[in-house]
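Asker: Residue numbers (our numbering), protein chains in the order written: chain S, 1 to 157; chain Z, 158 to 321.
1) Please report the distance separating the alpha-carbon of residue 148 of chain S from that of residue 192 of chain Z.
2) What's the gap between the Cα of residue 87 of chain S and the Cα of residue 126 of chain S?
3) For residue 63 of chain S and residue 96 of chain S, I'd like the C-alpha separation in whole angstroms.
4) So residue 335 of chain Z is in the alpha helix (DSSP H); what residue range does that whole segment cover?
5) In angstroms with no decimal places, state the Cα-to-Cα distance between residue 114 of chain S and residue 146 of chain S.
6) Assuming residue 91 of chain S contacts residue 157 of chain S under a Cβ cut-off of 8 Å, what Cβ separation, rounded to an integer in Å, is found between them?
7) What's the C-alpha gap between residue 150 of chain Z and residue 279 of chain Z?
8) What is the DSSP secondary structure of residue 200 of chain Z, reduced to helix, strand or coil?
9) Smallest Cα separation from residue 54 of chain S: which of S/152, S/150, S/131 and S/144?
10) Report yes if the C-beta of residue 89 of chain S is less than 7 Å from at least one heavy atom of the ligand ATP; otherwise report no.
11) Tell me the rounded alpha-carbon separation between residue 230 of chain Z and residue 201 of chain Z.
12) Using a Cβ cut-off of 8 Å (strictly closer), state whether residue 211 of chain Z contacts chain S.
13) Count the other C-beta atoms from every protein chain shown that fall within 10 angstroms of the C-beta of residue 261 of chain Z, then say buried if there are 16 or more, exposed otherwise.
14) Identify the continuous alpha helix (DSSP H) that holds residue 143 of chain S and give its terminal residues.
15) With a threshold of 6 Å on Cβ separation, who are the neighbours of residue 277 of chain Z within its own chain once the five nearest residues in sequence on each side are excluded?
16) Rank S/59, S/89 and S/52 by C-alpha distance to the C-alpha of residue 13 of chain S and give the top, closest one.
17) Which of the three DSSP states, helix, strand or coil, is assigned to residue 1 of chain S?
18) Exposed or buried, what is residue 17 of chain S when buried is set at 16 or more other beta-carbons lying within 10 Å of its beta-carbon?
19) Residues of chain S with CB closer than 8 Å to the CB of residue 315 of chain Z, please, in chain order.
20) Should residue 238 of chain Z be labelled buried (16 or more other beta-carbon atoms within 10 Å of its own) or exposed?
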């Protein structure tokens, strides 16, 4: 089956129909929790990045500062992904054809990949090399901001 | 009400309002900056609230978290404010008829007053100022009020295009 065929059957599935035909406030609620999840995720990344950049919370080691915010990163991501899937299922063909959405998904994939590779290594280390720490900060901000910008553009393209 | 509506229409149909609304890139970019500014400012405030409530980063002194995140919190708010004014400019008459719009500002006012009370009363007293291990109930309450009211601001803000 081609991607379009898979998406068509998803759109015509019981879940797809149920969400698409539900009250518009169901979609609004999904939007609200999607944004709240992203806000929590981004703020937690920013806080860890402040420590990695040597700007804040220098009295604590990097792993000590990063541990709890990292949980919030995954919690926020889970909330955003679950609500995102609900929105996607209601109109998969529409989203699939939207260049902002496609870009967002690639950026999201890259951001998650960064989190589980370089970023994880850097925040687990008491004294990461300056270059690695700076790369982790810069890449994470670029990728997560990119997810936000392209995500917000979906409705306008 | 009709005077407010007329003013809002004047703003929305001004040269800048129309230019912003019709621009393929400016409008979504301003929306995106509004979201990112919000995530940095209100998002960091959420984390500070969790610390005040006593469920997050308990080993980090409250004053460190407050003072060292402040430049980003205020910078984020500056971005939110400027982009918010521009968004309002381009769709003033559309948004003021949404009941979510005044509700959003009501909760911004509550959150703002709570923050000022915390900053100029609660945080000046010894428990916070001297980073005592056990913080009084007022600190926890301020964190809860902040968390609830900023959440309400985000909920109401995101609902503006959906209500009525």
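All C-beta atoms, glycine included, are put in the ideal place defined by N, C-alpha and C.
All of these numbers come straight from a predicted model, not from anything done at the bench.
Answerer: Looking at the coordinates:
1) 7 Å
2) 40 Å
3) 39 Å
4) Since the first and last residues shown for chain Z are 158 and 321, residue 335 of chain Z lies out of range.
5) 14 Å
6) About 14 Å; that fails the 8 Å criterion.
7) Because residue 150 of chain Z is not part of the residues shown, which for chain Z are 158 to 321, the question remains open.
8) DSSP, read as helix, strand or coil, puts residue 200 of chain Z in helix.
9) When each option's Cα is compared against that of residue 54 of chain S, the closest is S/131.
10) As far as ligands go, the structure on display features none, and thus does not contain the ligand ATP.
11) 7 Å
12) no
13) Buried, since its Cβ has 16 or more Cβ neighbours within 10 Å.
14) Taken as a continuous stretch (DSSP letters only), the alpha helix (DSSP H) holding residue 143 of chain S covers 130–153.
15) none
16) S/89
17) Three-state result, residue 1 of chain S: coil.
18) Answer is exposed; the Cβ neighbour count stays below 16.
19) 28, 31, 32 and 35
20) exposed
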